Structure formats: structure tokens, C-alpha cells
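All letters in the sequence shown, in the order written, are residues 159 to 425 by our numbering.
Each residue gets a CB set at the ideal place from its N, CA and C atoms; glycine is no exception.
A quick note: this is a predicted structure, and the numbers were derived from the prediction, not measured.
Single-structure report; data block below.
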Amino acid sequence: GIMQLEQVEHKLGLEKRRHCVQHNRLQTHSKSSRVHPQPDLPHAAPVYEHPLFQDMGYVFVPGTLDPFSKVSSVNQLYACAAIANLLLRERLKDWADKSAGYFQSAAQETTEGGERVKKELIKWCDVKEDADVFQQLQWTTLKKHSRSIEKLVRSYRNDPSRLLDISRNSIIFESVGDLANCLSLMTEDDTVCLERVKNRMSHEYKSSETGGYRDVCVNIRMCSRECKALGADIHVCEVQLILVDFARLKTDKGHQNYRLARDARGS
């Protein structure tokens, strides 16, 4: 299973990519477009651009990020994340359906020690047609503003472009093989663009850096027609692919241990 996962990762060619930030869209009159002129687009070329942008005089190169222009506004990140997150959720369902993936249940129970834990995981392909169970799914909300500001100040030197997990979601699997299948599905999905993969399942990864926790963290952008039309295709989201055993460790106490380990290294 691990070998299959590493083969998919190697196929992507992103295993050595460490740096990933939020960029603005390339404008036709920007510094970047002068340095790297874009070819003329044919009149019939589809340009998914909101009319408001045109009214304001902003003309962008479709589907192209500006490597010289990083996002500097937290408000912009949250506005894009709100749109991208809703569209991403539909892709999560499709990937989970085809790779035997699970989602978290909103139902909770109390252990003998008084700790609140998730009651169960829900296998999407078994319940996707069950409206009652569907209501029990717990979709991840956008990252709290207070936590984003904390990361900006403590770890990112007040650089908003480094916030990549305002929109963050997860799919859970029983085996590494299912997890690898999901990652492969993501690579073949033309509605998303993979920007970076952090394989924390690798033998080379030091799990002590995250309190023993492991997953595969994928940074992606939504590139569907809808997302382009709404101007959110520039936004980088985070999808965590997690094994069941590690997902069950993500109780309040387990997450606290993870945060302590993360805070100790200042990330």
C-alpha cells in the first residue's frame, strides 16, 4: 500500500515541491504578463469571467496565476475559500464514492473518562442515497479567523499568502490502498489542479513532529467552470487523506497533542 501511494506521488512530480502560496490571477497589464507575454486568445476561446471584473477594467488571463503577485488580504482568502469550499465538497463525495472513503459523523458520545469523541465514521458509498444519514455528516467549516491570525503572527510573518488551509477537508480510509486510489482519482480529475502533496505516510517522515499523527495532505485549486466564473479558482485548499486509526486519534485530547507538537516547532 505504501509503495502504491509513493508511486502515485512520484507520478505527480510534486513530492519535492515544498513551497506553495496563494497567488493572484494574472492581469493582462501586469508586470508578469509583460515579462511573460501570453499568446493572443482566439475570439471563440471561453473566458469564464464575472461581468463585474470587466466593468471595473480588470482583464485577466484565464486559468493563469501571477507568480509575482501574492495574495495580501485575509478577507480575499476567506471570500474565495467560502466559494471553493462548497464546490470542493461535491468533488469529495465523488472521490469518496469511488475509493471506499468515509466522512466524519456529527454524532458524538462520551467516554468513561468524560471525553467527547466522534461516535462513528460514515462510508459515503453506503449512505449517499440515505437522506437521514446524510444529515449526520459533519462537514468541516472554514478555519476560524482567530486561528488564522494566530498562524499569521506566530509562523508566517504576517504573510497571508501562506495560509493554505482556510478551506480544509478530509476523507478517511480503511487501507493505504484505498487512500492511494483516492489520490490517483484526484490527479485524474480535470476540475481540480494539484499544487502540492505532503506524504506524511512515508517512511522518511518523522511523525514525532506531529505528535505521532500521519496523513497525506494535498493542496489543490478548484478549476471547474463554476469556480472560474466566480473568481475562486485561484484559491488553494487543503484535503487530508487519513487512515481510520489516525482519524480515531483525532479526539479533543489527540488534537491537543498534535497542536502541542506543531506549536513546539512553530508551524
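To which residues of the same chain is residue 327 closer than 8 angstroms at the C-beta, ignoring the five residues directly before and after it?
243, 246, 247, 250, 297, 298, 395, 396, 397 and 398
Here's a check: name, in chain order, each residue in its chain whose Cβ is nearer than 7 angstroms to the Cβ of residue 300, leaving out the five neighbours to either side.
236, 239, 240, 243, 324 and 325
Counted within 10 angstroms of its Cβ, other Cβ atoms place residue 358 as buried (16 or more) or exposed:
buried
Express the C-alpha separation of residue 214 and residue 338 in angstroms, rounding to a whole number.
44 angstroms
On a CA-only basis, which of 164, 162 and 169 is nearest residue 346? Give me that one, please.
169
Residue from 263, 330 and 182 whose Cα sits closest to the Cα of residue 228
182
What's the gap between the Cα of residue 376 and the Cα of residue 218?
27 angstroms
Residue 225, buried or exposed, once every other Cβ within 10 Å from all chains shown has been counted against 16:
exposed
For residue 352, write down the residues that DSSP places opposite it in a beta bridge.
Under DSSP, residue 352 takes part in a beta bridge, and its partners are 378.
Nearest to residue 355 (by Cα), restricted to the options 349, 166, 161 and 162:
166
8 angstroms Cβ shell around residue 348 - same chain, five flanking residues per side excluded
Take residue 348, set aside five residues on each side of it, and the residues of its chain with a beta-carbon closer than 8 angstroms to its own are 381, in chain order.
Selection from 304, 406 and 256 that minimises the alpha carbon distance to residue 284:
It is 256 whose Cα lies nearest to the Cα of residue 284.
Go ahead and label residue 264 buried or exposed: buried means 16 or more other beta carbons lie within 10 angstroms of its beta carbon, across all protein chains shown.
exposed
Beta strand (DSSP E) segments (min. 3 residues) lying fully within the segment 300–378:
326–331 and 350–357
Closest to residue 233 by CA distance: which of 290, 321, 222 and 282 is it?
Selected option, being the one with the closest Cα: 321.
Measure the beta-carbon distance from residue 387 to residue 329 and round it to whole angstroms, keeping in mind my assumption that it falls under 8 angstroms.
Not a contact, Cβ separation roughly 26 angstroms.
Let's test the definition: count the other Cβ atoms within 10 Å of the Cβ of residue 368 and tell me whether it reaches 16, buried, or not, exposed.
buried
Taking the straight line between their C-alpha atoms, what separation do you get for residue 259 and residue 350?
19 angstroms
On a Cα-Cα basis, can you pick out the residue from 400, 401, 389 and 402 that is closest to residue 210?
389
According to DSSP, residues forming a beta bridge with residue 181:
228
Under a Cβ-count criterion, where at least 16 other Cβ atoms within 10 Å of its own Cβ denotes burial, should residue 161 be classed as buried or exposed?
exposed
Tell me the DSSP bridge mates of residue 281?
260
Cutting at 7 angstroms between CB atoms, please list the residues of its own chain near residue 384, excluding the five before and the five after it.
245
Would you tell me roughly how many angstroms separate the C-alpha atoms of residue 163 and residue 373, rounded to the nearest one?
The C-alpha of residue 373 is placed about 12 angstroms away from the C-alpha of residue 163.
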